[in-house]
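J.:
Number of protein chains: 2
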Amino acid sequence: MEKFKVIFYPSNKNIGVDNGTTILSAAISAGVYINSVCGGDGVCGKCKIKLLKGQVATQPTGSITTKEIENSIYLACLTTIHSDLEIEIPASSALDLEKTNSRDLDISLKTFYSESDEIILPELKDSEKTILDAALTRKLYIELTPPNLDDKTSDLERLYRAITNITGISLIQTGLINIRLLGELLRSSDWKITITFIEKNINQIEIILVEPGDKSRENFGFCFDIGTTTLSGQLIDLNTKKVLSSRAQYNKQVSLGSDVISRIIYAQQPDGLEKLHLAVSEGINQIIQELTEAHKINLNDVTSIVCAGNTTMIHLLLRIDPRHIRKEPYIPTVNFLPLLKAAEVGIKINPHGVLYCVPGVASYLGGDVTAGVLSCGLHKQPKTSILIDIGTNGEVVLGNNEFLIGCAASAGPAFEGSGVNSGMRATKGAIQKVRINPKEFNVEFSTIGNILPQGICGSGYIDLLAEMLNCGLINKIGKINDLNSPRIRKNEFGNEFVVVFKKDGASETDIVISEIDIDNIKRAKAAIYSSVTTLLKHVNLNLTDVTKFYIAGGFGTYLDIPNAIKIGLLPDLPRDKFLFIGNSSLSGARQMILSNQARVDAKEIARKIAYLELSVESSYIDEYMAALFFPHTDLTKFPSFNS
Amino acid sequence: MEKFKVIFYPSNKNIGVDNGTTILSAAISAGVYINSVCGGDGVCGKCKIKLLKGQVATQPTGSITTKEIENSIYLACLTTIHSDLEIEIPASSALDLEKTNSRDLDISLKTFYSESDEIILPELKDSEKTILDAALTRKLYIELTPPNLDDKTSDLERLYRAITNITGISLIQTGLINIRLLGELLRSSDWKITITFIEKNINQIEIILVEPGDKSRENFGFCFDIGTTTLSGQLIDLNTKKVLSSRAQYNKQVSLGSDVISRIIYAQQPDGLEKLHLAVSEGINQIIQELTEAHKINLNDVTSIVCAGNTTMIHLLLRIDPRHIRKEPYIPTVNFLPLLKAAEVGIKINPHGVLYCVPGVASYLGGDVTAGVLSCGLHKQPKTSILIDIGTNGEVVLGNNEFLIGCAASAGPAFEGSGVNSGMRATKGAIQKVRINPKEFNVEFSTIGNILPQGICGSGYIDLLAEMLNCGLINKIGKINDLNSPRIRKNEFGNEFVVVFKKDGASETDIVISEIDIDNIKRAKAAIYSSVTTLLKHVNLNLTDVTKFYIAGGFGTYLDIPNAIKIGLLPDLPRDKFLFIGNSSLSGARQMILSNQARVDAKEIARKIAYLELSVESSYIDEYMAALFFPHTDLTKFPSFNS
């Protein structure tokens, strides 16, 4: 097969590919990340590249104009390579992972993982510390009595006997690979060894590793939240139960599709599943490597990892075909995963290390939600509370220590900055707070990182809409009033409002909000609000029955609660009922790597949550339609707004 | 590295090898089997070859004469290759596996596996047949209810739920590989599938395989006895619980050492362990392939295998270094193996198939003995019995349903035809029965296969010695009397007796028995007899307390009991107390593949047998010395011989 060399600028990365390969596919192979929100279907128009040199073939699509093609602008996903090429990736298409990797996201991580967010574990008794310590993987140093002619117990049974003597546990297993090494290892270490073990069932353990000498203090693990957009990880000392370091970066799958549906579609392409799998496992490996290097920890001393993620993310991590998740009746292959070997899915820790995936509830209510419930403790409280997690997907869980019910709010990614004109993720340069002068409509704003504005993130949109309502710039259905201001102008589809003029920002265009944008946000907030009310109605409860309202997700960290109520995203409850809990998926995963009880609880939570399919819930559409106003058609539901 | 071509005659097999390779090693690689009793140490002198052409280098040794080297006769183990070679393997050195593979051993197998030897299982109730059938691997056909919007259980939990509904078992596991395939498999098979599962603990199963459609009737397994000399296997239909076919062949390790000690030594050579491991796993694979082909059974339908063998054989099968077995205090790495994947040790059945190794007791009391006890039921009987298994190693177990005690009798391989002048294994051409005319000392004999005699096997030696005692040819210490007969002549070390003159046999020399041979056999029989009496003494019992005396091993099949008592191999008990049980290791393994209860019992037996180390038992040496007579120094112990 003919091979062509493709060079990508400005990174200068190059790759040899077969004739007919798409530019998007070549870019992924070369490690050049291009936005591809729709998963390579030619729909989103985000993956535009400029051809500098060479022969390509492309397909017509509405996402690119004839004029662009005349100017050598192509969609990477629809354009195939037929000679050596030189290609430029415009800044607008680039997903520069290296730039945004950790530094930019560190800001939000600091907020996620404040001191108060560290989980507080009850002090362990000394007697418990040796063995009843319930981390996912535990180490135990053992000095064996060497054999003699009066005690000829075999090496393995001698080890088992010692473990039983120390722990009281008599059901012990291990694999052939450990048995093969045991004879020499015991003798060369003078019968002093450290075992690493996991608890399989009650009073049943499996030894996953045997090492010479005392290695009991070197036992580390990682917990991860695999978000559709962001991958967040923490390095944990499993002995001291301390978080040593945190890191977040884009989920590299972002370049293969912005949401779970486009990724499931992408997975159906040849090698699609494998690429998605590699994208996430490489990301995990990168974080593991970075943090262990920074702390001078040997990868072999990392013995376990816990991953929380939505159901599709977990399927992709494990290279399980997710196709049935998006086909009616929306069935995942698995919600409750067995404990796996990390190596089975390409995660590079100790080769005997294990991977625990947090159990999920349904196709659109995953382990990240289970972890969230565990983290906020909603399942233990006698009084009823609500958890909403607004990420790329929105999820809502309602309940108490007697019942749990949850649903997926098909909010869409508007609050993540997708599908809106000047939208961007909550990273550096994103407008996150807005005030509008009610007379001249001048806009004051602050950006993440305090640099020139590049666009607007979710919390910025909420502030913006609330302020526009305050100033009479928009009406209750979201139309921009025809007021006399240089900031208000007409476009093809209606009015738009200029938030930042090009000259005042870092964007190549004015930063604007259009009536179409407002409509998108309105639908997103209506979906979340009506999910809450539909759940309540389903169990015959009212908003007044809700004692706590937990808000999870990176989004929540910047959210202005009064403004979120003003636009009707959150219900009009006393402000002190709202609690930000940050990345509760990650906190829950961290509890699970540290505590056996947390893993037992997580299983129980996932089993207990009744999943409500909103699309077949008759009242949902009424609730949703009623919420398509700012804040709502029924203003009695928003008394503070009414007064 | 320079490569040389070596051709072996008469097989015409050839191989390319590196400069400096030993001829023995080249022969093994070429699939040419050469006797190498000492494991390639240049001691036994059994691996003589004739160099027809080419350059070699050799080392001096007492096992080969200068004259032989002048005649181009070399020891294969000590001679290295330095040019292209042509080599002839003399019949005396050849271990022609193809010839002896199955046909010759079929004779003994027929005797081992008579109709009465088939285990009789209680009839299963219909309700039990679907699931409570307790084969090691079981299949279950399941028709699942497809999901719908009201039943959105995931694929895996749907499967688990169905299994729980059918079996009542709720602890169910499976591996990632099965989960990955599940989604498509369930849908393409219209939700009709067959699972193969194993029971892990009580009420806990693991699914090892999921197949489309109804495959519940195609479930096969193999049981093996891995003897030091002979490998015997049976193909079992796990559904009908019938033995479909049996096969035995040499354990290919024979060419790397004749007994466990020489193999343990060989395992310390570079690649030695690997070669020993491959020799046995290839043998197993050969039998599996032959028998499945003969029965037109797909290898994928073979889901489990049970192996019984002595502790060293099991270590070598699993590629576990056995070195500590022969070093004081003689500790094996493992007696109780976990259930393994057959593929982990290179056994070619279904890639998900499992391997169960029968648990052993100690370094020199292995799973073959556990299987033997299980097979004869000694552990269940209220009255005390004895089991002796005389193979390349001899083992004795004494006990009843309250206690079990066992020991290894260091009998040596004399009864297997090793270490004795005209000795041979119990295959075609071996003298197995002998009568001597008391006047002229003419010898009448019968051979296995009724062909011209080539040598004498164990049962032949027992007959021969008993007859020589009867005729006054030997005295009670085993010296051959100086009688006037052409059959009695002097050699370097004393007298010898000609059993068959060269002209009457198929051997290149006279078939003789020397005083050294008699001494070897005397020591072997004394070791076995004194093991029995030492065990009895240890628990304060007498021979009269023994109600049954089980004799296991291929050897036992031809044994003449009165003659064995006459020479003092067996104690002088009423003849009806002796029971031949054939290859009880294989019968026990077969029970274990068919019955969960048998596996539970085997574990219990292995735990229960107290191992008596004869070398540190003070009374043993006295017992042994007293038995170094025909039949014994204390004739009151042999009243029938006395009368």
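Residue numbers (our numbering), protein chains in the order written: chain A, 3 to 645; chain B, 3 to 645. We put the beta carbon where it would ideally sit given N, CA and C, even for glycine. If you're wondering where the values come from, they're calculated on a predicted model, not measured in any experiment.
Indicate whether at least one CB of chain B lies closer than 8 Å to the CB of A/Val618.
T.: Output row for A/Val618: interface = yes.
J.: Is the beta carbon of A/Ile290 sitting closer than 8 Å to the one on A/Phe224?
T.: Against a cut-off of 8 Å, the Cβ pair of A/Phe224 and A/Ile290 comes out as a contact.
J.: Return the Cβ separation of A/Asp86 and A/Gly56 in integer angstroms, given the expectation that the two are a contact with Cβ distance under 8 Å.
T.: Contact flag correct, Cβ pair sits at about 6 Å.
J.: Below 8 Å on the Cβ atoms is my contact criterion, and I expect A/Gln1 with A/Arg592 to pass it. Report the Cβ-Cβ distance as a whole number of Å.
T.: The structure shown does not extend to residue 1 of chain A, since chain A spans only 3 to 645, so no value can be given for it.
J.: So which residues of chain B does A/Ala364 contact, with C-beta pairs closer than 7 Å?
T.: Those within 7 Å of A/Ala364 in chain B are Lys154.
J.: Check the C-beta distance from A/Asp574 over to A/Phe631 and give it rounded, since I have them as a contact under 8 Å.
T.: That belief does not hold up - the Cβ atoms of A/Asp574 and A/Phe631 are roughly 14 Å apart, past 8 Å.
J.: What's the call for A/Asp624, buried or exposed, on a 16-neighbour Cβ count within 10 Å?
T.: Looking at its Cβ environment, which holds fewer than 16 other Cβ atoms inside 10 Å, A/Asp624 is exposed.
J.: Between B/His84, B/Gly47 and B/Ile83, which has its C-alpha nearest B/Glu70's C-alpha?
T.: For B/Glu70, the nearest C-alpha among the options comes from B/Gly47.
J.: Buried or exposed: where does B/Lys5 fall if 16 or more other Cβ atoms within 10 Å of its Cβ makes it buried?
T.: Under this definition B/Lys5 is an exposed residue.
J.: Among the residues of its own chain, which have a CB less than 6 Å from the CB of B/Leu107, if the five just before and after it don't count?
T.: With a pLDDT of only 36 at B/Leu107, under the threshold of 50, the placement of this residue in the model should not be trusted, and no figure is reported.
J.: Taking 7 Å as the limit between beta carbons, can you name the residues of its chain near B/Arg489, skipping five residues before and five after?
T.: Answer for B/Arg489: Phe443, Phe499 and Val500, listed in chain order.
J.: Going by other Cβ atoms of all chains shown within 10 Å of its Cβ, with 16 needed for buried, is B/His279 buried or exposed?
T.: Classification of B/His279: buried, given that the 10 Å Cβ count is 16 or more.
J.: Can you tell which of A/Leu146, A/Lys50, A/Asn180 and A/Ile204 has the C-alpha that lies nearest to the C-alpha of A/Ser172?
T.: Closest by alpha carbon: A/Ile204.
J.: Do we get a CB-CB distance below 8 Å when we pair A/Ala628 with the residues of chain B?
T.: Taking Cβ atoms only, chain B never reaches closer than 8 Å to A/Ala628, which makes this a no.
J.: So the candidates are A/Ser533, A/Thr230, A/Val445 and A/Ala29; which of them puts its Cα closest to the Cα of A/Val502?
T.: Answer by Cα proximity: A/Val445.
J.: Under a three-way DSSP split, which group does B/Pro641 fall into?
T.: Looking at B/Pro641 - three-state DSSP - the assignment turns out to be helix.
J.: Can you name the start and end residues of the beta strand (DSSP E) that A/Lys244 belongs to?
T.: Here the beta strand (DSSP E) through A/Lys244 covers Lys244 to Tyr252.
J.: Quick one: give me the first and last residue of the alpha helix (DSSP H) that A/Thr372 is part of.
T.: That run of the alpha helix (DSSP H) goes Gly369 to Cys378.
J.: Please list the partners that A/Tyr613 has in chain B, where partner means a Cβ-to-Cβ separation under 8 Å.
T.: Result: Lys154.
J.: Please confirm if B/Asn150 has its CB atom under 8 Å from at least one CB of chain A.
T.: Cβ-Cβ to chain A under 8 Å: yes for B/Asn150.
J.: Just how far apart, CA to CA, sit A/Glu418 and A/Glu606?
T.: The straight-line gap from Cα to Cα measures roughly 31 Å.
J.: Using a Cβ-Cβ cutoff of 8 Å, what residues of the region 331-345 of chain A are near chain B? List them in chain order.
T.: Residues Pro331, Tyr332, Ile333, Pro334, Thr335, Val336, Asn337, Phe338, Leu339, Pro340 and Leu342.
J.: Can you give me the C-alpha to C-alpha distance between B/Phe640 and B/Leu572, rounded to a whole angstrom?
T.: About 10 Å.
J.: By the 10 Å Cβ neighbour count, where 16 or more other Cβ atoms means buried, how is B/Ala629 classified, buried or exposed?
T.: The residue in question, B/Ala629, is buried, as its Cβ has 16 or more Cβ neighbours within 10 Å.
J.: At a CB distance below 8 Å, what residues from the region 167-196 of chain A approach chain B? Give them in sequence order.
T.: Those residues of the region 167-196 of chain A that come within reach of chain B (Cβ to Cβ, closer than 8 Å) are Leu173, Gln175, Thr176, Gly177, Leu178, Ile181, Arg182, Leu184, Gly185, Glu186 and Arg189.
J.: Evaluate the contact criterion for the region 291-298 of chain A versus the region 580-598 of chain A: three or more CB pairs, one atom per stretch, below 8 Å.
T.: The region 291-298 of chain A is not in contact with the region 580-598 of chain A.
J.: Run the CB neighbour count on A/Ser190, radius 10 Å, all protein chains shown included, and call it buried at 16 or more, exposed below.
T.: Exposed, by the Cβ-count rule.
J.: Comparing the C-beta of A/Asp519 with each C-beta of chain B, is any distance below 8 Å?
T.: No - not a single Cβ of chain B is within 8 Å of the one on A/Asp519.
J.: Compute the Euclidean distance between the alpha carbons of A/Ile307 and B/Asn241, then round it to the nearest angstrom.
T.: Answer to the nearest angstrom: the Cα atoms are 42 Å apart.
J.: Taking the runs of the beta strand (DSSP E) that are 3 residues or longer, which of them lie wholly in the region 268-348 of chain A?
T.: If we require 3 residues or more, the beta strand (DSSP E) runs fully inside the region 268-348 of chain A come out as 304-311.
J.: For A/Asp465, report the span of its alpha helix (DSSP H) as first-last.
T.: From DSSP, the alpha helix (DSSP H) with A/Asp465 extends over Gly460 to Asn472.
J.: With a threshold of 8 Å between beta carbons, is B/Glu117 in contact with chain A?
T.: Unreliable positioning characterises B/Glu117 in this predicted model, as indicated by a pLDDT of 33, which lies under 50. A coordinate reading is not provided.
J.: Of the residues B/Tyr626, B/Ala604, B/Ile595 and B/Ser587, which one's Cα is nearest the Cα of B/Thr230?
T.: It is B/Ser587 whose Cα lies nearest to the Cα of B/Thr230.
J.: Does the structure place the region 339-356 of chain B close enough to the region 253-268 of chain B that three or more beta carbon pairs sit under 8 Å?
T.: Contact between the region 253-268 of chain B and the region 339-356 of chain B is absent, because fewer than three Cβ pairs lie under 8 Å.
J.: List, in chain order, every chain A residue whose beta-carbon is nearer than 7 Å to that of B/Glu606.
T.: Those do not exist, as B/Glu606 stays about 15 Å from chain A at its closest Cβ, beyond 7 Å.
J.: Using a Cβ-Cβ cut-off of 6 Å (strictly less than) and excluding sequence neighbours within five positions of B/Asp454, which residues of its own chain qualify?
T.: In the sequence as displayed, the identity of residue 454 of chain B is Leu instead of Asp. Gly507 and Ala508, listed in sequence order.
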